[in-house]
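Residue numbers (mature numbering (1 follows the signal peptide of the UniProt record, and there is no 0)): -40 to -1, 1 to 299.
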């Protein structure tokens, strides 16, 4: 495990982190348990959401703040001398499955990462939608699919760049129209660290997953190699034996990277919603991108690490329904134009 590394330094970050640690200690003392805790709703602190602007997408950031300020009374605004930042907004360039993600730092200010790999190729509507979507997560909203919401999980399926009625309803379920009791808002919950992202395409569709991935293969996890820090966040690497390749050049034993991992002092791993750490001795259907700069293949969370069972059951599955399914998916793959 390792400690979460801050991207910026300063009294505000350290002060807020100290308050979080104190809150955790109080909860543990009161309950007599070692269960993990986190602030209840997104990155909101009291009645405001203060952000540190470290992104080149300034107009999109302003669009997102204005859009959510129209919805309710949580003040979304840049931090200043008198306020602590609640979320740090910055850019990354990763060949991965998401164009933006919100990360619960748990003990410090949270993060919104904007993936320039995709945003630089988007039009202003899609860029606005991505940033507004991630600020929705910072406000505590989950994904809202199939209802025309800005919190739609897939960018290609998003039809708005501002909150619509389903988003407003979800916001009001959390915050209401009035400011309410700020002490209640900052109460810790039983959740562990969280990470939510907007996906670049619909990976629930086998053909779209196959069309996005560089490699699709069945593999058995031999061992955990280690854990590295990327943009201050844990990522976990595994040695994987390639049992059957359906697409790409993966062969022999390869390194598969999973975005997420363990944090010091936290029982639950930091992972994308719905994902689980890989387990040695288990066989999976992998869909990965080739991140050559790191020397590994990064799996698509949830959809690109489908558990098939123990190692001794993997071979029979490859020759059966699993093999037929993914041979067909690759044959009919829908290539993703944004990579």
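Built from N, CA and C at the ideal position, the CB exists for glycine as well.
Where the beta strand (DSSP E) through residue 42 begins and ends: Element bounds for residue 42: n/a, residue is neither H nor E.
Does residue 196 come out as helix, strand or coil in the three-state DSSP assignment? strand
Is the beta carbon of residue 75 less than 7 Å from the beta carbon of residue 59? yes
I need the DSSP call for residue 251, collapsed to helix, strand or coil. strand
Apart from the five residues on each side of it in sequence, which residues of its chain come closer than 6 Å, Cβ to Cβ, to residue 36? 9, 25, 28, 29
From residue 286 to residue 77, what distance separates their C-alpha atoms? 27 Å
With a CB to CB cut of under 7 Å and the five nearest residues on each side skipped, what residues in its chain are close to residue 97? 2, 62, 156
Could you name the residues of the same chain whose beta carbon sits closer than 6 Å to that of residue 140, not counting the 5 residues immediately before and after it, in chain order? Residue confidence is low: residue 140 scores 43 on pLDDT, short of 50, so the model does not pin down where it sits. Its coordinate-derived value is still stated next. Excluding sequence neighbours, residue 140 sits near nothing in its chain.
In chain order, each alpha helix (DSSP H) run of at least 4 residues that lies wholly inside the stretch 49 to 75: none
Does the Cβ of residue 267 have 16 or more other Cβ atoms within 10 Å, making it buried, or fewer, making it exposed? exposed
C-alpha distance - residue 195 paired with residue 209, whole-angstrom precision: 23 Å
Would you mind stating whether residue 52 and residue 20 have Cβ atoms separated by less than 7 Å? no
Determine, using beta carbons only, whether residue 200 and residue 240 come nearer to each other than 7 Å. no
What number of angstroms, rounded off, separates the C-alpha of residue 111 from the C-alpha of residue 159? 11 Å
What would DSSP say about residue 25, mapped onto helix, strand or coil? helix
Per the DSSP calculation, residue 221 is bridged to which residue(s)? 230
Taking Cβ to Cβ, would you say residue 153 is nearer than 7 Å to residue 230? yes
Within 10 Å of its beta-carbon, does residue 214 have 16 or more other beta-carbons around it, so buried, or fewer, so exposed? buried
What is the rounded straight-line gap between the Cα of residue 244 and the Cα of residue 212? 15 Å
Run through DSSP, which three-state label would residue 291 get? helix
Given a cut-off of 7 Å on the beta-carbon distance, is the pair residue 176 and residue 203 in contact? no
Keeping to the same chain, check which residues put their C-beta closer than 6 Å to that of residue 282; ignore five residues upstream and five downstream. none
With distances taken between CB atoms, is the gap from residue 290 to residue 168 smaller than 7 Å? no
Would you verify that the beta carbon of residue 291 is, or is not, closer than 7 Å to some beta carbon of chain D? Note that chain D does not occur in the displayed structure, where there is just one protein chain.
Does residue 283 come out as helix, strand or coil in the three-state DSSP assignment? helix
Please report the distance separating the alpha-carbon of residue 232 from that of residue 260. 10 Å
On the criterion of 16 or more Cβ atoms from any shown chain inside 10 Å, does residue 49 qualify as buried, or is it exposed? buried
Beta-carbon proximity list for residue 186, same chain, < 8 Å, skipping 5 on both sides: 196, 197
Whole-angstrom distance between residue 161 and residue 115, CA atom to CA atom: 7 Å
Tell me which residues share the same chain as residue 103 and place their Cβ nearer than 6 Å to its Cβ, disregarding the 5 neighbours each side in the sequence. 111, 113
Would you decide whether residue 41 is buried or exposed? Buried here means 16 or more other CB atoms lie within 10 Å of its CB. exposed
So, is residue 119 buried or exposed, given that buried needs 16 or more other C-beta atoms within 10 angstroms? exposed
Residues near residue 234 by beta carbon distance below 6 Å, same chain, minus five either side: 262
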